[in-house]
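Down below is the structure, laid out as structure tokens.
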Amino acid sequence: MELLAPAGSFPAFEAALEAGADAVYVGVPGFNARALSRDFTFAEIDSMIRQAHGQGVKLYIAMNSLVKESELPAALNALSCLEQLRPDALIVQDLGLLYIARTWFPSLSLHASTLLSIHNSTAARELTSLGVERVVLARELTIDEMAEIHQKTDAEIEVFIHGAMCFSYSGLCMFSSLHGGKSSLRGQCVQPCRRHYSWQAPGKTRRGEGRQQDTKYLFSMNDLCGVDFLPALRDAGVSCLKIEGRMKSARYVANTVAAYRMALDSMDEPIDEQNRILSEAHTLLDEAMARKRSSGFLLAARPTGAITPQQSGNSGQLLGRVQGLQQERTRDGKNRLTLQIRLEAQVGEGDRLRLHNEKTGERISFTLRFLQVGGRRRKVGRPGQNVQLSVGADLKGRSGRNFRGSLFKVDVGSRIIAERTGRKRTKKLSGRKIFADKRKVEEILHHLSWKRGDGKPKHSARKKGAFEGRQAGRRGSRKELPWWVAVPGPADLRQRLPVRAARILLPLTRDNMRSLGQLAVKIKKYRGRIIWRLPAVIQEADLDWYEKQIRKLVTSGYSRFELGHCSQYGLFTFLQDGKREQRLELYGHYSLNLLNSAALHAAGHLGFQGALFSLETESENLSAAISHFKRQRGRGRPQQRMKVGLYVYGRPPLFTARLDSEQYDYRRRIVSPKDEQYTLEHKDGLTMARSTLPFSLLRWQQDLSTMGLDYLLLDLTGGPIRQEAAAASALLAGGGKRIPVLSGNFQGILV
Numbered sequence: 122m123e124l125l126a127p128a129g130s131f132p133a134f135e136a137a138l139e140a141g142a143d144a145v146y147v148g149v150p151g152f153n154a155r156a157l158s159r160d161f162t163f164a165e166i167d168s169m170i171r172q173a174h175g176q177g178v179k180l181y182i183a184m185n186s187l188v189k190e191s192e193l194p195a196a197l198n199a200l201s202c203l204e205q206l207r208p209d210a211l212i213v214q215d216l217g218l219l220y221i222a223r224t225w226f227p228s229l230s231l232h233a234s235t236l237l238s239i240h241n242s243t244a245a246r247e248l249t250s251l252g253v254e255r256v257v258l259a260r261e262l263t264i265d266e267m268a269e270i271h272q273k274t275d276a277e278i279e280v281f282i283h284g285a286m287c288f289s290y291s292g293l294c295m296f297s298s299l300h301g302g303k304s305s306l307r308g309q310c311v312q313p314c315r316r317h318y319s320w321q322a323p324g325k326t327r328r329g330e331g332r333q334q335d336t337k338y339l340f341s342m343n344d345l346c347g348v349d350f351l352p353a354l355r356d357a358g359v360s361c362l363k364i365e366g367r368m369k370s371a372r373y374v375a376n377t378v379a380a381y382r383m384a385l386d387s388m389d390e391p392i393d394e395q396n397r398i399l400s401e402a403h404t405l406l407d408e409a410m411a412r413k414r415s416s417g418f419l420l421a422a423r424p425t426g427a428i429t430p431q432q433s434g435n436s437g438q439l440l441g442r443v444q445g446l447q448q449e450r451t452r453d454g455k456n457r458l459t460l461q462i463r464l465e466a467q468v469g470e471g472d473r474l475r476l477h478n479e480k481t482g483e484r485i486s487f488t489l490r491f492l493q494v495g496g497r498r499r500k501v502g503r504p505g506q507n508v509q510l511s512v513g514a515d516l517k518g519r520s521g522r523n524f525r526g527s528l529f530k531v532d533v534g535s536r537i538i539a540e541r542t543g544r545k546r547t548k549k550l551s552g553r554k555i556f557a558d559k560r561k562v563e564e565i566l567h568h569l570s571w572k573r574g575d576g577k578p579k580h581s582a583r584k585k586g587a588f589e590g591r592q593a594g595r596r597g598s599r600k601e602l603p604w605w606v607a608v609p610g611p612a613d614l615r616q617r618l619p620v621r622a623a624r625i626l627l628p629l630t631r632d633n634m635r636s637l638g639q640l641a642v643k644i645k646k647y648r649g650r651i652i653w654r655l656p657a658v659i660q661e662a663d664l665d666w667y668e669k670q671i672r673k674l675v676t677s678g679y680s681r682f683e684l685g686h687c688s689q690y691g692l693f694t695f696l697q698d699g700k701r702e703q704r705l706e707l708y709g710h711y712s713l714n715l716l717n718s719a720a721l722h723a724a725g726h727l728g729f730q731g732a733l734f735s736l737e738t739e740s741e742n743l744s745a746a747i748s749h750f751k752r753q754r755g756r757g758r759p760q761q762r763m764k765v766g767l768y769v770y771g772r773p774p775l776f777t778a779r780l781d782s783e784q785y786d787y788r789r790r791i792v793s794p795k796d797e798q799y800t801l802e803h804k805d806g807l808t809m810a811r812s813t814l815p816f817s818l819l820r821w822q823q824d825l826s827t828m829g830l831d832y833l834l835l836d837l838t839g840g841p842i843r844q845e846a847a848a849a850s851a852l853l854a855g856g857g858k859r860i861p862v863l864s865g866n867f868q869g870i871l872v
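Read in order, the letters of the sequence shown are residues 122 to 872 in this note's numbering.
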């Protein structure tokens with residue numbers, strides 16, 4: 122199995138080579154899913170490729186961020202440069218980039234990022250058929266499920282073996298974006314899963330009412346560690362073991378790679394020798410990062426050690442409780458915190474630390490640059506010593522007088538030295554300058570009907586007072602877009618809806634299939650309008666059930682389906698000789714993450730008759746993408762006649778996860794440190810967190826009608842249907858000013 126190491130800096134890159142990595146992955150400038158303080162340049166990547174290849178090591182490039190419409194020219198320039206650099210593979214998430222790379226840059230080898238939520242054999246097989254050479258599986262899979270995927274497909278399989286774990290399936294987390302404007306799909310996650318939450322007392326629903334004091338880290342996953350299970354992973358058919366950590370220090374990379382190199386090389390040794398080497402490997406991992414580790418989902422779909430409620434999974438090693446804190450301003454006007462702590466573990470300059478405010482849940486991360494012991498500066502502080510630390514940070518106006526918190530070490534090693542070394546190595550590693558093929562880039566943009574400066578909306582959210590939204594409601598609007606309405610089940614089809622529904626969406630679940638059998642005659646008149654919605658995640662064990670139900674529905678005359686994953690068209694292969702395209706209409710959910718016109722083209726080429734645009738979009742991005750897409754659609758190409766819709770009301774899951782912990786009480790609400798309330802539910806094998814505030818763009822209904830959309834979706838499945846229908850009706854009637862809602866990034870700028 123290939124050992125794949127991360128590198129976010131030059132020292133980390135060299136550490137990976139020296140420690141025995143078979144391959145290293147780095148980020149492409151501006152389009153990788155990590156918010157690094159400094160991206161590598163193409164010239165530096167060129168030198169790294171040559172240095173790696175000189176030692177027989179592969180170099181992969183992560184271009185795994187979603188791309189906004191305005192960023193497409195820069196993304197094409199990057200692909201043109203990468204074509205010249207010839208890396209060993211390009212890791213992608215965005216379906217638009219996948220479509221462009223396969224069509225115009227065929228020499229680039231492609232790997233499907235874990236952000237594509239590849240969780241079953243259908244996803245692995247269909248993505249491979251699109252030209253992807255390797256799939257990076259979701260972290261939520263067990264080893265047995267990996268083995269089944271390997272047995273059923275020809276896909277080359279890569280899995281994460283060590284490092285940080287997200288609570289939500291990668292690619293399906295909307296929390297950071299909808300609540301903070303920073304997208305986890307674009308490398309800007311603010312990590313809401315790392316915060317502590319409280320359970321609200323039963324019967325208490327008002328804001329700030331009934332909160333309990335036993336706050337817990339309900340969603341903060343412990344780090345993954347699979348070093349003990351390498352033989353089982355090899356037997357399962359895994360081709361590559363990936364270490365997470367492009368934001369980690371060089372020492373972390375060196376120790377972690379060395380530990381796994383030792384374990385891999387000893388797999389065929391006698392058992393006593395294997396155990397001895399594994400013990401050494403664990404010692405190296407302990408030294409690399411003092412964070413709690415677990416086997417994640419490798420051994421079980423419901424692991425018991427995945428979270429530690431009393432401590433955040435990324436806390437690291439406790440250095441001590443803060444005994445004193447002073448906040449002051451320096452001469453240059455910056456804020457400085459001075460902490461007094463009695464150490465419980467060793468700490469040194471260059472270590473990465475995190476300060477936890479136990480009252481608010483706020484976390485401040487910093488690299489230790491100044492340490493005093495007994496009033497004198499020291500490089501290292503040891504257990505039992507009273508030390509004083511200084512950090513440039515701000516408690517945001519709050520006094521440190523009553524501060525209660527703890528300090529943790531989250532990364533070890535001489536990060537300061539690494540930073541300095543990185544600056545020195547810049548000149549040494551800088552190679553030839555790489556320039557994009559401008560002519561080729563312009564030809565691709567022309568093919569995509571993309572014009573620079575074109576497609577901007579008439580109303581800009583950035584201008585003061587602009588795009589504030591007109592009164593919603595059906596009367597008086599310029600254009601009545603068709604309404605699609607999602608309801609919980611067949612029994613709700615006779616429920617009075619807020620709008621006249623051109624299409625009605627029903628979740629394809631076991632309960633609904635049972636109800637369908639009981640109500641088949643009564644709901645027969647709705648058949649022509651019904652679209653069956655598939656979930657974004659279908660576990661491997663459930664694939665057969667879904668295929669059988671799809672067959673049953675098609676046989677019964679249902680011809681429309683909405684897919685939650687881009688690969689689910691593979692569930693319809695039983696319809697041969699092109700009958701699938703003639704008889705069925707397949708639509709895409711917003712979970713396909715279509716954020717640009719190239720992604721819309723990709724969905725059209727896959728055979729989708731329609732798709733919802735990304736839930737994360739800004740108004741300007743939406744308008745520009747549809748403008749470019751529809752210009753080419755107007756040329757009459759069948760695959761470009763795809764309709765584009767927008768999710769405008771509902772309670773979308775903020776987290777979509779597999780973990781079903783004994784810590785979860787699904788009857789009660791959870792409350793954030795900012796007094797935000799959420800519900801938690803477990804249904805059909807998925808744990809989902811939803812805001813108690815609905816997501817709504819209904820305020821801008823009339824503006825949306827001018828953007829070229831083909832339909833709007835009201836989703837009434839996030840709560841009791843009468844309650845959801847009443848809230849949507851009030852918002853449509855213009856009463857939304859009295860109802861607090863989430864509008865995501867629509868008014869602002871998606872980061």
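Positions of the beta carbon are idealized from the N, C-alpha and C atoms, including for glycine. The model shown is predicted, which means the values in this text are computed figures rather than measured ones.
Legend entry - Identified DSSP bridge partners for Asp-532: Arg-473
Inset, instruction - Whole angstroms is fine: what's the gap from Ile-555's alpha carbon to His-726's? - result: 32 Å
Inset, instruction - Using only alpha-carbon positions, find the residue among Leu-780, Gly-284, Leu-837, Thr-738 that is nearest to Glu-190. - result: Thr-738
Inset, instruction - Could you give the DSSP three-state label for Tyr-785: helix, strand or coil? - result: coil
Legend entry - Own chain residues within Cβ distance below 7 Å of Leu-419, not counting five before or after: Thr-263, Ile-264, Gly-347, Phe-350
Inset, instruction - Compare the beta carbon distance of Phe-134 and Ala-199 with 8 Å and say whether it is the shorter of the two. - result: no
Legend entry - Coarse secondary structure for Cys-361, derived from DSSP in three states: strand
Inset, instruction - Please confirm whether Phe-682 and Ile-644 have their CB atoms less than 8 Å apart. - result: no
Legend entry - Cross-strand partners of Gln-281 (DSSP beta bridge): The sequence given here has Phe at residue 281, not Gln. Answer is Lys-363.
Inset, instruction - Spatial neighbours of Leu-236 within its chain, please: CB distance less than 8 Å, with the 5 preceding and 5 following residues excluded, ordered by chain position. - result: Ala-154, Asn-185, Gln-214, Ser-291, Gly-292, Leu-306
Inset, instruction - Thinking Leu-231 and Val-606 are a contact (beta carbons under 8 Å), I'd like their distance in whole angstroms, please. - result: The Cβ separation is near 38 Å, so there is no contact.
Legend entry - Residue range of the unbroken beta strand (DSSP E) whose run includes Trp-225: No beta strand (DSSP E) contains Trp-225, which is instead part of the alpha helix (DSSP H) from 216 to 225.
Inset, instruction - Check Ile-270 in the structure and name its three-state DSSP category. - result: helix
Legend entry - Residue environment, Arg-450, which counts as buried when at least 16 other CB atoms sit within 10 Å: exposed
Inset, instruction - Over the uninterrupted beta strand (DSSP E) stretch that includes Pro-313, give me the two end residues. - result: Element bounds for Pro-313: n/a, residue is neither H nor E.
Legend entry - Phe-750 (DSSP reduced to helix, strand or coil): helix
Legend entry - Phe-288 versus Arg-497 - alpha carbon distance: 43 Å
Legend entry - Under the three-state DSSP convention, the category Asn-241 falls into: coil
Inset, instruction - Give a yes or no on contact between the stretch 621 to 639 and the stretch 761 to 776, applying the rule of three or more CB pairs nearer than 8 Å. - result: no
Inset, instruction - Look up His-106 in the DSSP assignment and say whether it is helix, strand or coil. - result: With the chain covering 122 to 872 only, the question about residue 106 has no answer from this structure.
Legend entry - Residues bridged to Gly-526 (per DSSP): Asn-478
Inset, instruction - Answer yes or no: do Asn-241 and Leu-664 have a C-beta to C-beta separation smaller than 8 Å? - result: yes
Inset, instruction - Enumerate, from N- to C-terminal direction, the unbroken beta strand (DSSP E) stretches of 3 or more residues contained entirely within the stretch 823 to 865. - result: 832 to 836
Inset, instruction - Could you pull out every residue in the same chain whose Cβ sits closer than 6 Å to the Cβ of Thr-547, ignoring the five residues on either side in sequence? - result: Because Thr-547 sits at a pLDDT of 43, beneath the cut-off of 50, its placement in the model cannot be relied upon, and the following sentence gives the value as read from the coordinates. Taken in chain order, the list of residues that qualify is empty.
Inset, instruction - Flag this pair as yes or no: are the beta carbons of Glu-465 and Pro-424 separated by less than 8 Å? - result: no
Legend entry - Coil, strand or helix - Glu-739 by DSSP: coil
Inset, instruction - May I ask you to report which of helix, strand or coil DSSP gives Pro-628? - result: strand
Inset, instruction - Alpha carbon to alpha carbon, how far is Ser-718 from Glu-706? Give it in angstroms, no decimals. - result: 21 Å
Inset, instruction - Taking only the alpha-carbon atoms, compute the straight-line gap between Lys-273 and Asp-344 and give it to the nearest angstrom. - result: 29 Å
Legend entry - Cβ shell of Glu-408 (< 6 Å), same chain only, five flanking positions each side left out: Asn-376
Inset, instruction - Take Thr-630 and list the residues in its own chain whose beta-carbon comes closer than 7 Å to its own, dropping the five residues that flank it on each side. - result: Asp-805
Legend entry - Beta-carbon separation (whole angstroms), Ile-278 vs Val-256, contact threshold 8 Å: 6 Å
Legend entry - Cβ-based neighbour list, Asn-507, same chain, cut-off 6 Å, excluding 5 preceding and 5 following: Arg-463
Inset, instruction - Compare the Cα-Cα distances from Met-383 to each of Ala-402, Leu-446, Ile-747 and report the closest residue. - result: Ala-402
Inset, instruction - State the start and end residues of the unbroken alpha helix (DSSP H) segment that holds Met-383. - result: 371 to 386
Legend entry - Length of the line joining the Cα atoms of Arg-170 and Gly-709: Reading off the sequence shown, one finds Ile at residue 170, where the question assumed Arg. In a straight line, the C-alpha of Ile-170 is about 38 Å away from that of Gly-709.
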